[in-house]
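As structure tokens, the structure follows; a few thoughts come after it.
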Amino acid sequence: MSITFDASTKTFYLDGKGMTYAFFINEHGYAEHLYYGQPIAHDDLSYTRERGVQSFVVKIPGKENVNGLCYYGQFPTELSFFGTGDYREPTVAVTNAAGDRLAELLYDGHEILSEKPAITGMPSMRGGETLVVHLKDQFTAFACDLYYTVYDDCGVIARRAVYKNGAKTPVMLNRAYSFAMSLPGGDYDMISLHGAWATERAVQRTPLPYGVTSVDSKRTTSSATLNPFMAIVGKTTDELQGNAYGVSLVYSSSYVLKAEKNESGNVLLTGGINDFDFAWKLGAGESFETPEVVLAYSHEGLGGMSRQFHDAYRNHLINPRYVRSHRPVVINNWEGTYFNFDNEKLKAIVKAVAGTGIDTFVLDDGWFGKRDNDRSGLGDWVVNSQKLQGGLTEIINYVHSLGMNFGLWFEPEMISEDSDLYRAHPDYAIGVPGRARCTSRTQYMLDLTRKEVRDAVVGAVNKILRENQIEYVKWDYNRNVTESFSLGREPERQAEFAHRYALGVYDLCERIVNANPDVFFEGCSGGGARFDPAMLYYFPQIWTSDDSDAEERTRIQYGTSMVYPVSTMSCHVSVVPNHQTTRVTPMKTRADIAHLGATGYELDTSSFTDEDRETTKAQVEDYHGMEELVLNGDLYRTEDIYNSNYFGFMLVSKDQNDALLTAYRRMGGAQVETKYLRVCGLDANKKYRVSGLDKVLSGSTLMNVGLLARFPRGDFGTVTHHFTAVEE
Ligand code: GLA
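Mapping the sequence shown onto numbering that gives the first Met the number 0, position 383 (from 1) lands on 382, and the numbers just tick up by one.
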């Protein structure tokens, strides 16, 4: 696995696990894309360029007498720019001091680094051999460095661009995307993950039309509306086979990802920070770093693409201390009590599950300030000792005395109008002076673009963490920015807000999450509305959705798994009738689905019977038996709940000695059905003992014949099978 430069053809070959990516510096000094797909030899790929003469095109300055390859818009590109004949989506748009908007970015050298440099102030993948290609405009000295990193252990390329103002006067960056990438002409489908509260990351597959198709957020967060991800796949690509190209942005603010099919049928992918409501004044000599984008390729269909993302994020993005370690199995009180609790109530909830294997109690919203509903208190990170007599110490000591860990909920980025913080510092809330502000969940947001505001939050949260023995934090974020404006920043810098907010959140995470390395942090955002790779850099797991109904969770977890490993999905068993949908599903189903992630429980356990306790104990034991597969296994989506009555996830250990299949049937029927469950990812040549069948069968048989499904009668049933390799 490596990066190679062939000086004779000026071609860069990037060889990662299961893929080759190639581009070269063409006769005009332009970074021209050549190939992205299955591994190939380092042949001269110039024969792929013979595209014939094109008429009525704009020729590169000075090339008017040249026929053929002399038009920027015809080159598959690594970075597109506007104003010199390329009418595709530009990767960068700049206004120079004179007012012109030209930046003709051509080759100016390259370096190959053995280790990837981190991005200043932004999360990014760790490690990996890295190519840096320097591009420059010879007239203005505006420049761009393109970074490419490849890995031995996953089929992804991490990419980003750094823009540099080499001029003596400031320029305005009107667009500063992270990358451009080209795919050859063809019929493609696009896959994206859309949603809203309680329906996060629903899978959408549409034909890719001519023109520009995009996914984006203008919410100053990555959002539930569209996840910062898109995949471009061949028409016949499915879960198991076919080319799949995934794009995943490591960013938590307003973003855009675009796929443009141009007049010749070629496809240009580009994107990064959303240039809507964005402008960045770049002073003389300054640089602008863009967020990293992770490109995944697989010829093994969508499943293969997902497994590349999963390995990439587990091996190189998520905190190595926690990513593969045993996850807390929590009892969270939110759905059990909402705001209505006191010490006695909480103790009863904890006591009922002590000894079941549930090892962490998480005290959710309502423990601080004046907070009996969602209309007050945010920002006052001081215990409400009227509600919790004895302060936090009483409940923390109780939890610890039962041998369990203690977790606490915060929403650090927020402020309620009815709070001491707001009364002392109304200017800390985001808004335009003299103008009414929108509320959402009766709250405002803190202006984290300002250092003094971040200092106040860091001080208050870290004080609680310092003064109490807290092992776990749930970091919530429950509204989106409106009236984006920052007091004290010059008018021409106000459109920097959305990106500066992201930098503010990252700084907060550095100073709270990284400053408390022994505390396990879980992310959250009104359910799973900020489930993105940048947050996963800080939070090894994220609350997947406020929708805890097992039926709906199958779709949410299926969609989320397109990009994110199952171990990043926090999933809880809750009560029935379900609070979000009123649906009643069997307890076994709720546990089987919640166990396909970082599992936990979220219900009022104080009324548990002995039988409930025993059931829970058995479930947690079961979970511990499969946790290794949740943390480290390869995921195969064996049944598609979007297009069938069934959901299926199969987790297979890397050595293929161990596997678990969980299948779910939405609707049962009166007739006995014959349904064979698909089995994937085993070693065809190994023999496996299959639980529930009491048989030893070979991998080849299991994967080709499948397993006859034996769902329980009725709706919403599950079956699980463990596969254990046996010596013959
Ligand atoms: C959000 C979260 C919930 C819970 C509440 C508390 O909705 O997603 O899990 O923490 O906030 O207010």
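The beta carbon of each residue, even a glycine, is placed where N, CA and C say it ideally should be.
Bear in mind that the values here come from a model prediction, so they are computed numbers and not experimental data.
Beta-ladder partner(s) of residue i, from DSSP
i	result
Met444	Met413
Met229	Val246
Asn331	Val361
Ser524	Gly527
Phe22	Phe11 and His32
Lys686	Ser697 and Val725
Val99	Before going on, a small fix: residue 99 reads as Asp here, not Val. Beta-bridge pairing links Asp99 to no other residue.
Ala728	The question about residue 728 has no answer here: the residues shown for the chain are numbered 0 through 727.
Ser286	Lys163
Trp380	BP columns for Trp380 are empty, so no partner.
Thr717	Tyr663
Asn404	Thr359
Gly279	What sits at residue 279 in the sequence shown is Trp, not Gly. Paired residues: Leu172.
Arg636	Phe648
His109	Val132
Tyr254	Ser216 and Ile272
Val729	The requested residue 729 does not occur in the structure, where the chain is confined to residues 0 to 727.
Leu676	Leu706
Glu299	Gly241
Proximity below 9 Å, CB of residue i to CB of residue j
i	j	result
Ala160	Thr76	no
Phe178	Leu78	yes
Thr243	Ala230	Position check: residue 243 holds Ala in this sequence, whereas Thr was assumed. For Ala243 and Ala230, yes; Cβs fall inside 9 Å.
Gly716	Gly667	yes
Lys473	Phe520	yes
Ala597	Ser569	yes
Leu634	Arg323	no
Val232	Arg554	no
Thr604	Val398	no
Tyr471	Gly406	yes
Met444	Arg492	no
Arg665	Asn644	yes
Leu595	Val575	no
Leu145	Ala40	no
Leu223	Gly522	The question names Leu, but residue 223 in the sequence shown is Ala. No. Outside cutoff.
Leu248	Arg125	no
Asp151	Gly15	yes
Ser221	Met413	no
Thr481	Cys508	no
Val155	Val293	yes
Thr355	Val149	no
Residue i classed as buried or exposed, judged by whether at least 16 other C-beta atoms fall within 10 angstroms
i	result
Glu551	buried
Ala423	exposed
Phe23	buried
Arg434	exposed
Asn396	exposed
Lys234	exposed
Phe409	buried
Tyr675	exposed
Lys167	exposed
Arg370	buried
Gln728	Since the first residue of the chain shown is 0 and the last is 727, residue 728 is not available in this structure.
His498	buried
Glu726	exposed
Pro60	exposed
Thr584	buried
Pro532	buried
Val651	buried
Val349	buried
Asn331	buried
Lys653	exposed
Gln556	buried
(request) Tell me the start and end of each unbroken beta strand (DSSP E) in the stretch 148-216 that is at least 3 residues and wholly inside, in chain order. (result) 155-164, 170-182, 187-193, 201-206 and 210-216
(request) Write down every uninterrupted run of the alpha helix (DSSP H) in the stretch 438-498 whose length is 4 residues or greater and which is fully enclosed by it, in chain order. (result) 450-466
(request) Quick one: which unbroken alpha helix (DSSP H) runs of 4-plus residues sit fully inside the stretch 535-605? Chain order, please. (result) 549-559 and 586-593
(message) Using 8 Å as the cut-off, can you tell me whether the stretch 330-342 makes contact with the stretch 358-365, which would need three or more C-beta pairs spanning the two stretches below that distance?
(response) yes
(message) Count Cβ pairs between the stretch 277-284 and the stretch 292-303 that sit closer than 8 Å; are there 3 or more?
(response) no
(message) If contact is defined by three or more beta carbon pairs under 8 Å, each pair taking one atom from either stretch, is the stretch 89-106 in contact with the stretch 25-45?
(response) yes
(message) Assess contact between the stretch 204-220 and the stretch 256-270, defined as three or more Cβ pairs (one per stretch) separated by less than 8 Å. Is contact present?
(response) yes
(message) Three or more C-beta pairs under 8 Å: does that hold for the stretch 81-100 against the stretch 118-132?
(response) no
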